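Here is the structure we will look at.
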Amino acid sequence: MAADRQHIVVTGARTNNLKGIDLRIPLGKLTVVTGVSGSGKSSLVFGTIAVESQRQLNEVFPAFIRNRLPRYERPEFELIENLSPAIVVDQKAVGGGNRSTVGTMTEVSPILRVMFSRYGEPSAGPSNFYSFNDPQGMCPECEGLGATLQLDVERLLDKNLSLNEGAIQHPNFAVGTNYWKRYAQVARFEAGKARGADLEPLFDANKPLARYTKSEMDLLLYGEGFQTTRPDEFNNVAVNDYEGLVLRFTRRFVKPGLDSLKDKERKATEKVVTEQVCPACEGARLSPAAVASRIDGHNIADFCAMEIGDLVTELVRLEKRWPGPVVPAALASLRRIESVGLGYLTLNRPTRTLSGGEGQRLKTVRHLGSSLTGMTYIFDEPSVGLHAHDVDRLNQLLTALRDKGNTVLIVEHNRDVIEIADHVIDVGPGPGASGGEIIFTGTVKQLAASDTLTGRSFKALPGLKPETRTPTGSLPIRKATLHNLRGVDVDFPTGVLTVVTGVAGSGKSTLASKVFAAEYPYAIVLDQSAVGINPRSTPATYTGVWDLVRKQFAVAHHVDISLFSFNAKGACPECKGRGTITTDLAFMDPVTVVCEVCGGTRYRQDVLEHRIDGLNIAEVLDLTVEESREWFDDRAIVKRLEPLREVGLGYLTLGRPLSMLSGGERQRLKLADRLHESGSVYLFDEPTTGLHMADVQNLLALLDRLVDAGNTVIAIEHDLDVVKHSDWVIDIGPGAGEHGGQVVFTGTPADMAEKGRTRTADYLRAALPR
Numbered sequence: 002m003a004a005d006r007q008h009i010v011v012t013g014a015r016t017n018n019l020k021g022i023d024l025r026i027p028l029g030k031l032t033v034v035t036g037v038s039g040s041g042k043s044s045l046v047f048g049t050i051a052v053e054s055q056r057q058l059n060e061v062f063p064a065f066i067r068n069r070l071p072r073y074e075r076p077e078f079e080l081i082e083n084l085s086p087a088i089v090v091d092q093k094a095v096g097g098g099n100r101s102t103v104g105t106m107t108e109v110s111p112i113l114r115v116m117f118s119r120y121g122e123p124s125a126g127p128s129n130f131y132s133f134n135d136p137q138g139m140c141p142e143c144e145g146l147g148a149t150l151q152l153d154v155e156r157l158l159d160k161n162l163s164l165n166e167g168a169i170q171h172p173n174f175a176v177g178t179n180y181w182k183r184y185a186q187v188a189r190f191e192a193g194k195a196r197g198a199d200l201e202p203l204f205d206a207n208k209p210l211a212r213y214t215k216s217e218m219d220l221l222l223y224g225e226g227f228q229t230t231r232p233d234e235f236n237n238v239a240v241n242d243y244e245g246l247v248l249r250f251t252r253r254f255v256k257p258g259l260d261s262l263k264d265k266e267r268k269a270t271e272k273v274v275t276e277q278v279c280p281a282c283e284g285a286r287l288s289p290a291a292v293a294s295r296i297d298g299h300n301i302a303d304f305c306a307m308e309i310g311d312l313v314t315e316l317v318r319l320e321k322r323w324p325g326p327v328v329p330a331a332l333a334s335l336r337r338i339e340s341v342g343l344g345y346l347t348l349n350r351p352t353r354t355l356s357g358g359e360g361q362r363l364k365t366v367r368h369l370g371s372s373l374t375g376m377t378y379i380f381d382e383p384s385v386g387l388h389a390h391d392v393d394r395l396n397q398l399l400t401a402l403r404d405k406g407n408t409v410l411i412v413e414h415n416r417d418v419i420e421i422a423d424h425v426i427d428v429g430p431g432p433g434a435s436g437g438e439i440i441f442t443g444t445v446k447q448l449a450a451s452d453t454l455t456g457r458s459f460k461a462l463p464g465l466k467p468e469t470r471t472p473t474g475s476l477p478i479r480k481a482t483l484h485n486l487r488g489v490d491v492d493f494p495t496g497v498l499t500v501v502t503g504v505a506g507s508g509k510s511t512l513a514s515k516v517f518a519a520e521y522p523y524a525i526v527l528d529q530s531a532v533g534i535n536p537r538s539t540p541a542t543y544t545g546v547w548d549l550v551r552k553q554f555a556v557a558h559h560v561d562i563s564l565f566s567f568n569a570k571g572a573c574p575e576c577k578g579r580g581t582i583t584t585d586l587a588f589m590d591p592v593t594v595v596c597e598v599c600g601g602t603r604y605r606q607d608v609l610e611h612r613i614d615g616l617n618i619a620e621v622l623d624l625t626v627e628e629s630r631e632w633f634d635d636r637a638i639v640k641r642l643e644p645l646r647e648v649g650l651g652y653l654t655l656g657r658p659l660s661m662l663s664g665g666e667r668q669r670l671k672l673a674d675r676l677h678e679s680g681s682v683y684l685f686d687e688p689t690t691g692l693h694m695a696d697v698q699n700l701l702a703l704l705d706r707l708v709d710a711g712n713t714v715i716a717i718e719h720d721l722d723v724v725k726h727s728d729w730v731i732d733i734g735p736g737a738g739e740h741g742g743q744v745v746f747t748g749t750p751a752d753m754a755e756k757g758r759t760r761t762a763d764y765l766r767a768a769l770p771r
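In my numbering, the protein residues as written are 2 to 771.
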């Protein structure tokens, strides 16, 4: 039998909940993988195909290079054939700190630097002299950051307290620390004299700072140029050059920048410093010579501060003046960014401020300019955060990658993205243990005719709901001007479900998540940020049931309760109770593999010998929320887990690390914690993120219950099924960035469909049943 060379062939895949599936994925085509949340889509696409491709690619390098590359575990499968190198475009935050910008990430900034080195007047020199990351081009005052941190002494010191009472308000200077001793326990050093009663203390550590004389305060804050003696951490005598508190704090915590500090240090330092635009470069980040170099009155910082759409217009004008490759190269990159709906960004925007969806699209743009073909591009829900108008642009980008001779593999729920697929794979039928099977493969037309949950949801186009609720009042916002908002006046109705819509970058999140949340601080904001817990947190620990479970095991076996904690006595000694070993590669993303000693259970082997009703403590962690409701007899445990089931997280296992949850899952977890409050205002940020079309209907039923219980619900959302189901719509636009920031429509969904003249209204009408 001839080998199949037209497909990626997967045989016996068993990663996570996959049930030994066999599958063929056509090469050179655009394939969409669908299925309800937790069905096994990511286990197939990312955990199996992507990981194995990257693992095998690394093996072709010599041992010397392999030792410096990430090591991937072999996924559980019998055979995979016809794999090509995989490029994974995920939603992980881009990061990069203050020195990484949209311009540096997309490599447009280097092209602009070449342009200014050739055509700028007067020239600052070679292209690196225009870089804020190069010592020759950076502003000497702020070292290329564009801003300076200034210590606020009034915040750092509580002058009503003495040094012994903790007057210095920073944990690194807390009473008893070495830094504290350098002020509270020092005397001026004199050669030939030992530390003792004969040496006068430099400061009275029992006197409140408010009673210090001016000279004493100046000495404490700015003194230098002499030595002091003090007891060190072992109570021996230590001699040091004296450094005033402001000088030491600035050197140790301010000069390196907040991004260089440990998390605890950074949070404490943020409270006592203020960030100001650098007075030397006025935020340009560049040296005086680079700032002085101009083209038609604009320096390179001016170009980087323009919205990309405006910068394209400027460069088109310059292209006619200078023949050659430089300006066309910049225009090609900028137009690709525009093509994915990001024309509202500026090149000087720090990448750490980008949303997951924005970061994913910028990663994709970089690959559009590549000459590589025959690759496999793997996307993780690329439509997240996109208005229907922007999804159209995204689809053009995805098909362009395919048409260059690549295989495109997309995990996606969005109808419009599924619509462009050459091939569809549906994983299910349910989540968790109920999933892990291939229940459909075929064309989009065949999917619509199938009887799978995805097929039925795909062809069932909801209409407007017949009646909308009547508001009970309103919550006004007046003259909002944050970011791109243009003096917005708008009333958010109470007692109803309101959806805030608009294209990406229009200002809807600024209006709702920033302005509204600040104006009404009692609102319960449920966004997609981290849950605010440590990396060891799980649904079991987050809901508080784990202490009850451990107590059951301890009582049943007459042993110490801490034996059943993977954070204490019961932890595997190899992975310290994490279940995984993470290797930090410094210059690459860290790689995490399952601990070989405990097999990922997190526990010592002797702990796993204790069982209740046939299950050990690790097997209880493997129970889903749904399964737990049947297994536990304790009603207190079941009651605490019930809200997770209500918000659609019944498929999560009790031991799933919360750090592995998607943004939508994190949001619903927070909702479960606040679910049964009444008389409240709930504010959601794109709650449909990561939800299957059928799960969206379950979410809408949940939002209805919240409203019917007397709450006000506001959702920032693009999903047109949610817009159709709302009682009131606030549409922000008309465009993105400087072209947005206005309220372009308020009213019911029916009003929008009938009279709306906005992009959202156009797509809403197109999405109604004919």
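Just so you know, even glycine gets a beta-carbon here, dropped at the ideal spot from N, CA and C. As the structure is a prediction and not an experimental result, all values here were calculated from the model.
> Would Gly197 be called buried (16 or more neighbouring beta carbons within 10 Å of its own) or exposed?
Replying inline: Bear in mind that a pLDDT of 46 at Gly197, under 50, signals an unreliable position, so the number given afterwards is only what the model happens to contain. With fewer than 16 Cβ atoms within 10 Å of its Cβ, Gly197 is classed as exposed.
>> Under DSSP, the alpha helix (DSSP H) around Gln55 begins and ends at which residues?
In response: 52-60
> Where does Trp181 sit, in a helix, a strand or coil, going by DSSP?
Replying inline: helix
> Who are the near neighbours of Asp423 in its chain, counting only those whose CB is closer than 6 Å to its CB and skipping five residues on each side?
Replying inline: Lys30, Leu31
>> Is the beta carbon of Phe380 closer than 9 Å to that of Val428?
In response: Taking 9 Å as the Cβ cut-off, Val428 and Phe380 do not qualify as a contacting pair.
>> Under DSSP, the beta strand (DSSP E) around Lys480 begins and ends at which residues?
In response: Unbroken beta strand (DSSP E) run through Lys480: 474-481.
> Hey, would you say Val273 sits closer than 9 Å to Arg156, going by beta carbons?
Replying inline: The criterion of a C-beta distance shorter than 9 Å is satisfied by Val273 and Arg156.
>> Runs of 3 residues minimum, wholly inside the stretch 488-547: which ones carry the beta strand (DSSP E) assignment?
In response: 489-495, 498-502, 525-527
> Any chance the stretch 622-631 sits against the stretch 554-565, with 3 or more Cβ pairs inside 8 Å?
Replying inline: no
> Whole beta strand (DSSP E) runs in the stretch 225-295 with 3 or more residues, listed along the chain?
Replying inline: 225-232, 238-244, 274-278
>> Give me, in chain order, the residues of the same chain whose beta-carbon lies closer than 6 Å to that of Asn396; leave out the 5 immediate sequence neighbours on both sides.
In response: If we look at Asn396 and ignore the five residues flanking it on each side, its Cβ neighbours are Ile421.
> Phe588 to Ser132, Cα distance in whole Å?
Replying inline: With a pLDDT of 46 at Phe588, under the threshold of 50, the predicted position of this residue should be treated as unreliable, and no value is reported.
>> According to DSSP, is Trp632 part of a helix, a strand, or is it coil?
In response: helix
> Any contact of the stretch 463-471 with the stretch 495-511, i.e. 3+ C-beta pairs under 8 Å?
Replying inline: As far as the Cβ criterion goes, the stretch 463-471 touches the stretch 495-511, which means the pair count is three or higher.
> Hey, Pro430 and Leu454 are a contact pair by Cβ (cut 8 Å); roughly how many whole angstroms apart?
Replying inline: 7 Å
>> Please report the distance separating the alpha-carbon of Leu355 from that of Gly742.
In response: Separation of Leu355 and Gly742 (C-alpha to C-alpha, rounded to the nearest whole angstrom) is 18 Å.
> Do the CB positions of Thr761 and Val714 come within less than 9 Å of each other?
Replying inline: no
> Quick one: is Gln361 buried, meaning 16 or more other Cβ sit within 10 Å of its Cβ, or exposed?
Replying inline: buried
>> As a quick exercise: from Glu438, Leu387, Gly433, pick the residue whose alpha carbon is nearest that of Val418.
In response: The candidate whose alpha carbon is nearest that of Val418 is Leu387.
> Is it true that the CB of Val648 sits closer than 9 Å to the CB of Leu676?
Replying inline: yes
>> Considering Cα atoms alone, identify which of Tyr345, Ser384, Thr408, Ser340 is closest to Leu1.
In response: In the structure as shown, the chain begins at 2 and stops at 771. Residue 1 is therefore absent and cannot be evaluated.
> By Cβ distance below 7 Å, which residues in the same chain neighbour Lys1 in space, the five residues on each side in sequence not counted?
Replying inline: Because the chain spans 2 through 771 in this model, residue 1 falls outside it and cannot be assessed.
>> Helix, strand or coil, according to DSSP, for Ile379 in the structure here?
In response: Correct three-state label for Ile379: strand.
>> Does the stretch 282-296 come into contact with the stretch 62-80, if we say contact requires no fewer than three beta-carbon pairs (one atom in each stretch) closer than 8 Å?
In response: Too few Cβ pairs lie closer than 8 Å, so no.
> From what residue to what residue does the beta strand (DSSP E) around Tyr345 run?
Replying inline: No beta strand (DSSP E) holds Tyr345; DSSP gives it neither H nor E.
> For Val11, does the count of other Cβ atoms within 10 angstroms reach 16, so buried, or fall short, so exposed?
Replying inline: With 16 or more other CB atoms across the displayed protein chains lying within 10 angstroms of its CB, Val11 is buried.
>> Please tell me whether Ile309 and Glu339 are closer than 9 Å, where the distance is taken between their beta carbons.
In response: A contact, by the Cβ cut-off of 9 Å.
> In this structure, what does DSSP give as the bridge partners for Glu122?
Replying inline: Arg295
> Which partner residues of Ile439 appear in the DSSP bridge assignment?
Replying inline: DSSP, once it has assigned bridges, lists Val428 as partnering Ile439.
> Thr761 by DSSP, collapsed to three states: which one?
Replying inline: helix
>> Give me the DSSP bridge partner(s) of Glu308.
In response: Thr347
> Do the stretch 342-350 and the stretch 96-111 meet, that is, are 3 or more Cβ pairs less than 8 Å apart?
Replying inline: yes
>> Helix, strand or coil for Leu616? Go by DSSP, reduced to three states.
In response: strand
> In the DSSP assignment, what residue or residues form a beta bridge with Ile411?
Replying inline: Val33, Phe380
> Buried or exposed: Thr781, going by 16 or more other Cβ atoms within 10 Å of its Cβ?
Replying inline: Nothing can be reported for residue 781: it is not among the residues displayed for the chain, which extend from 2 to 771.
>> If you follow the alpha helix (DSSP H) that Ile421 is in, where does it begin and where does it stop?
In response: No alpha helix (DSSP H) holds Ile421; DSSP gives it neither H nor E.
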